[in-house]
Structure formats: structure tokens, C-alpha cells
Amino acid sequence: MKESIFEFVKAFLNGATGGFAVYLILYSTFLFVGVIAGVLTLYYRNKKKRFQNELDSKYHIPVTIIVPAYNEEVTVVETVKSLLSLDYKAYEIIVVDDGSKDDTSKVLAEAFEMHAVRRPIRKQISCKDLEHIYECHDQKVPLVLIRKKNGGKADALNMGINAARYPYFICMDADSVLQADSLIKITRPILEDESIVAVGGCVRPCNDVELEGGRVKKYRLPKNLVACMQVVEYDRSFLGTRILFDKFNGSLIISGAFGLFKKEAVIAVGGYDSKTMGEDMELVVDLHKYCTTNKMPYAIKYATDAICWTQAPERLRDLCKQRKRWHLGLFQTLMKHKSMAFDFQSGPVSFISYLYFFIYEFLSPFIELFGLFVTILACCFRLISLEFFLTFTLIYALFGATLTMTSFFARVQASDIQVTGRDMWKAWLMCLFEITFMHFVMTYVRATAFIGYRKKKLQWGRIERKKISLK
Numbered sequence: 001m002k003e004s005i006f007e008f009v010k011a012f013l014n015g016a017t018g019g020f021a022v023y024l025i026l027y028s029t030f031l032f033v034g035v036i037a038g039v040l041t042l043y044y045r046n047k048k049k050r051f052q053n054e055l056d057s058k059y060h061i062p063v064t065i066i067v068p069a070y071n072e073e074v075t076v077v078e079t080v081k082s083l084l085s086l087d088y089k090a091y092e093i094i095v096v097d098d099g100s101k102d103d104t105s106k107v108l109a110e111a112f113e114m115h116a117v118r119r120p121i122r123k124q125i126s127c128k129d130l131e132h133i134y135e136c137h138d139q140k141v142p143l144v145l146i147r148k149k150n151g152g153k154a155d156a157l158n159m160g161i162n163a164a165r166y167p168y169f170i171c172m173d174a175d176s177v178l179q180a181d182s183l184i185k186i187t188r189p190i191l192e193d194e195s196i197v198a199v200g201g202c203v204r205p206c207n208d209v210e211l212e213g214g215r216v217k218k219y220r221l222p223k224n225l226v227a228c229m230q231v232v233e234y235d236r237s238f239l240g241t242r243i244l245f246d247k248f249n250g251s252l253i254i255s256g257a258f259g260l261f262k263k264e265a266v267i268a269v270g271g272y273d274s275k276t277m278g279e280d281m282e283l284v285v286d287l288h289k290y291c292t293t294n295k296m297p298y299a300i301k302y303a304t305d306a307i308c309w310t311q312a313p314e315r316l317r318d319l320c321k322q323r324k325r326w327h328l329g330l331f332q333t334l335m336k337h338k339s340m341a342f343d344f345q346s347g348p349v350s351f352i353s354y355l356y357f358f359i360y361e362f363l364s365p366f367i368e369l370f371g372l373f374v375t376i377l378a379c380c381f382r383l384i385s386l387e388f389f390l391t392f393t394l395i396y397a398l399f400g401a402t403l404t405m406t407s408f409f410a411r412v413q414a415s416d417i418q419v420t421g422r423d424m425w426k427a428w429l430m431c432l433f434e435i436t437f438m439h440f441v442m443t444y445v446r447a448t449a450f451i452g453y454r455k456k457k458l459q460w461g462r463i464e465r466k467k468i469s470l471k
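Under the working numbering, the first residue of the sequence shown is numbered 1, with each subsequent residue one higher.
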């Protein structure tokens, strides 16, 4: 009896460790293909730029920039100032104060001498009632402040969409800054293809980066360890997966910090879902389903050179809150649209994008923790040698760090940013730190994200804010 149990355990551990190894190899292969595709895309984009084989920037599509804000009195004024300095002509700015408990509306109204007005807003998308509207027409472009009852970020965005005057809108965070040429870059795909319903921009951490007039004056990696780790992590994510998904119209996520959408299409799908934490991913998936169901020609693109600078959390506690929220939002969206998993009408979005996000994003923390556990057990039972385990782990870590550094340097090269030798070594150390320590911390955080999440599942996520370095 004992021998049969031992044989069963042995077979189980062998199968589990083998399956875990295959899982890691497949993920590494996918990431490798993604990074290569990203590097080549950036190379050809820069080559085209050198030959000036691009549309002239004098053509401008009218765009509404919507900035949802909740308790953002520290950053909102600087954010609006940066938006007023963009190299663009046809746009308006709408800040939606979602019932802040601080002086977000007051400091913004005073900073730009805004006046209360009475203006009807047609509710094409359901949202909470408005309280006050302030306007300013003395700036470069129209500036509007809407104060509404609290309903969450998605509800605030829906109010902004209802108030938008232009056919396209951009959603962004109140703690972010758009690069001066970002509107030109993110609207360019629409000039090239009118069937595009959404375009995602590239988000980069701005901690310790000095910006002047919407341009990088001085670039350096953050002094803070947690923020510095996120710099290399962001570059790997945007270069390693989003460019690859863009090749077959398979993007499922457009970052809530910077994305452009066709207003007509968003209204058709009912706007942002205020009952989910991942309203940005939810909207993109809704657009995919709506267009494929109605057999509409469409595209969702990713603009690699449209840059948004955002504040990355500098406290580990804030980072954990953010990643928990992201993981829960991912879960809610995947479960809501689980019928997409094998819906071949949706094409590669179904059998590549959806399955990737389900297996390698949502299930990954559970698979990795379980795989690590059974591998350690296998070592204890001497089913695999400790030397082999350590060698495999080291090779996997170095391979991952190399891909991350490739992404980092490719992004730096494409952005014409000067990086010091000290920062290069620092980036290497951050890669190793992220893949050997922080990755496991975040894996644990994501795996435990469901503990007590219902209590605050529709509330704004809060992290400590600092004034962005603008000159």
C-alpha cells in the first residue's frame, strides 16, 4: 500500500515538475518572440522617421482629453498645465472631479480662473448626476471642469464622454503627463486607417525624470528601488507583448493612463463598465465583441511612440494595492467574456489573446506558486537533482533579465534619451532584483488578491502622490 502511494506521489511530482518546466519554456519563447518583434518594429519606425516617410503633423483630428480625478489636489494643476503645452491645435480638456473629498475642484478653478456656467449635458451613457460645471476660455484650448457625485473612475469617464464635443476622446490619469508630441503620435494611425476605433499609447514611469514643456530635459532611473524596478518592468511589458498583439489586431488592453477612442463606438457599447475594476480592459474587449458581432471592419492599434509619463508607486504597500486591483480587474473581464475563449468568429483575439491573458496573466501566480512548491518537493524526494534545479532557475533568470534589458535599451534608443553608464548598471541590477525577488512578491500579492476584495471592489485605488517635476 505504501509503495503504491509512493509511486503515485512520484508520478504526480514528475508530471507536475515537467509541466511547470514546459509552462516556463513556452512563456519564455512567447516573450522572446514578442521582444524581437518589438525591437524590429522600433527599428523600422526610426528608419521611416529618418527618411521622413510619415504624414505631415499639420493635420489634426479634433480630440477631447478626459481627466478623471478623485482627491488629486496635489497633481491635477500640473497635469492640466502640461496638457495646455501640447504640440497640437484641435483639442479640449475636460477634468471630471468624481466627488473628491479634498480641494481638487477648488485648486483647479482658482489656478485657471474658471467660472461656473450652466450647460446641458446629454446623457448618452449612464453616469451619476453632475453638481457644477466650470469653464475657462482664456487658455490655449477650452478647459472644462465638471464636479459630479462620486461613482468611481469608470463613471467619471462616462460623464466626460457625455460632455465631449469632439468625435475622438483620450482618457488619462490625473497624475500623468503627456509628452509634447503625444497627440500627434496617437492620432496618426487614425489618419492612416479610418476603421480604427481605439489606439493605445506607451506609458512610462516619470519618477525622478525632469520634464520641460512636455519634453524630457533630464532622464535618470528613479532613486527609489520599487519605482526603479517598475521602469524595466514597464518597458518589457509594452515592448514584449503589446507590439506583438498589435500585429494581428489582438490587443486586449489599452492602459487607462493613455488611450484614444472613437466616441461613437464607445457609446455603442455602453461606455465604461462602472461595476468592474478593470474598466480599461473591459472597454477594449467590448469593442472587439461589438465589431466582430456586427461584422464591422475595425482595428485597435498601439502607438509605440506616443508617450505618457506617469507616477509609479514608490511604496511597496501602494504597489501591492495597484497590482491587486489590476489582477481583480483582469479576472472580472475574463469571466464576463469567457464565451470569447473559443469563439473563432473573433479570430486571433479568441485563441491567442484571450488564452494568453487567461493562462499567463490570470492563472500565472497560482501556477508559479504551485510549480515552485512541487519542484521543491521533487528535490526533497530526490526526483530531480538540486544542481539541475538551481541551474535551470539561473538560466531562466538570466534569459528573462536579458530580454528585459533588451526591451529597456530598445525603448531608450527609440526615444533618443541619454542614459548614463551608472543607470545602465542600475538597470541590470533591477532586472535581476525583479526576476529573483520582486516577481515572487507580486506573484504572492496577485494570488491573494481575492481575499476580501468585495468590500472595496468599486472604490478608487489610492497611492501616495507627489508633484511631478515640470519646468
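All C-beta atoms, glycine included, are put in the ideal place defined by N, C-alpha and C. Only a predicted model underlies this, so the values are computations on that prediction, with no experimental measurement involved.
>> Taking the beta carbon of L403 as the centre, do at least 16 other beta carbons fall within 10 Å, making it buried, or is it exposed?
In response: By the 10 Å Cβ count, L403 comes out buried.
> Quick one: is S416 buried, meaning 16 or more other Cβ sit within 10 Å of its Cβ, or exposed?
Replying inline: Here residue 416 turns out to be Asp, not Ser, going by the sequence shown. Exposed is the call here.
>> Quick check on this structure: which residue in F388, T333, E210 and Y396 has the alpha carbon closest to the alpha carbon of L31?
In response: Looking only at F388, T333, E210 and Y396, the smallest Cα-Cα distance to L31 is reached by Y396.
> In chain order, what residues of the same chain have a beta carbon less than 7 Å from the beta carbon of S346, not counting five sequence neighbours either side?
Replying inline: Counting only Cβ-Cβ distances below 7 Å, and skipping sequence neighbours, we find H288, T292 and M340.
> Which residue or residues does DSSP assign as beta-bridge partners of I417?
Replying inline: None, per the DSSP bridge assignment.
>> Using only the alpha-carbon positions, how far apart do W460 and N71 sit?
In response: For W460, the predicted structure reports a pLDDT of 49, less than 50, and the residue's modelled location is therefore unreliable. The matter cannot be settled from this model.
>> With a threshold of 9 Å between beta carbons, is V231 in contact with chain B?
In response: No chain B is present in this structure, which holds just one protein chain.
>> I'd like to confirm the pairing. Which residues does DSSP put opposite W309 in its beta bridges?
In response: W309 pairs with V177 and R204.
> Is it true that the CB of L328 sits closer than 9 Å to the CB of A449?
Replying inline: Going by C-beta atoms, A449 is nearer than 9 Å to L328.
>> Give me the residue from F437, I146, V141 and A414 with the minimum Cα distance to R119.
In response: Nearest of F437, I146, V141 and A414 to R119, Cα basis: I146.
> For D97, does the count of other Cβ atoms within 10 angstroms reach 16, so buried, or fall short, so exposed?
Replying inline: Taking all protein chains in view, the Cβ of D97 is crowded by 16 or more other Cβ atoms within 10 Å, so the residue is classified as buried.
> So who's on the other strand from P68, going by DSSP bridges?
Replying inline: Looking at the DSSP output, P68 bridges to V96.
> Run through DSSP, which three-state label would G19 get?
Replying inline: Correct three-state label for G19: helix.
> What residues match up with V144 in a beta bridge as DSSP calls it?
Replying inline: Residue pairing by DSSP puts V144 in a beta bridge opposite I94 and E135.
> What are the complete alpha helix (DSSP H) segments, minimum 4 residues, inside the segment 392 to 450?
Replying inline: Under the rule that a run must span 4 or more residues, the alpha helix (DSSP H) segments found entirely inside the segment 392 to 450 read 421 to 433 and 439 to 447.
> Around the Cβ of V22, are there at least 16 other Cβ atoms within 10 angstroms (buried) or fewer (exposed)?
Replying inline: The residue in question, V22, is exposed, as its Cβ has fewer than 16 Cβ neighbours within 10 Å.
>> Under DSSP, the beta strand (DSSP E) around H115 begins and ends at which residues?
In response: Its beta strand (DSSP E) spans residues H115 to V117.
>> Less than 7 Å between C-beta atoms, sequence neighbours within five positions excluded: which residues of the same chain meet that for K140?
In response: Apart from sequence neighbours up to five positions away, the residues of its chain that approach K140 with a beta-carbon distance below 7 Å are L84, ordered along the chain.
>> Please list the terminal residues of the continuous alpha helix (DSSP H) segment that includes K289.
In response: It spans E279 to T293 - the alpha helix (DSSP H) in which K289 sits, taken as one unbroken run.
>> Considering Cα atoms alone, identify which of E282, A69 and N158 is closest to I267.
In response: Nearest option by C-alpha distance: N158.
> Are S255 and D235 closer than 9 Å when you measure CB to CB?
Replying inline: Contact flag unset, no.
> With a CB to CB cut of under 7 Å and the five nearest residues on each side skipped, what residues in its chain are close to V412?
Replying inline: For V412, where only same-chain residues beyond five positions count, the Cβ hits under 7 Å are V419.
>> When you compare the segment 343 to 359 with the segment 244 to 255, are there three or more beta-carbon pairs, one atom per stretch, that lie closer than 8 Å?
In response: Of all C-beta pairs linking the segment 343 to 359 to the segment 244 to 255, three or more are shorter than 8 Å, placing the two stretches in contact.
> Near Y134, which residues of its chain fall below 6 Å by C-beta distance, leaving aside the five closest residues on each side in sequence?
Replying inline: Only residues of its own chain outside the window of five on either side were considered, and among them A109, M114, A116 and L145 have a CB closer than 6 Å to the CB of Y134, listed in chain order.
> Where does E314 sit, in a helix, a strand or coil, going by DSSP?
Replying inline: The answer is coil: DSSP assigns E314 none of H, G, I, E or B.
> From what residue to what residue does the beta strand (DSSP E) around C171 run?
Replying inline: Going by DSSP, C171 is part of the beta strand (DSSP E) stretching over Y168 to M172.
>> Please return the same chain residues whose Cβ sits closer than 8 Å to the Cβ of L330, not counting the five positions on each side in sequence.
In response: Closer than 8 Å at the Cβ level, and outside the excluded window around L330, lie G278, M281, F357, E361 and F362.
> Can you give the beta carbon distance from A90 to P62, rounded, assuming they're within the 8 Å contact cut?
Replying inline: Contact flag correct, Cβ pair sits at about 4 Å.
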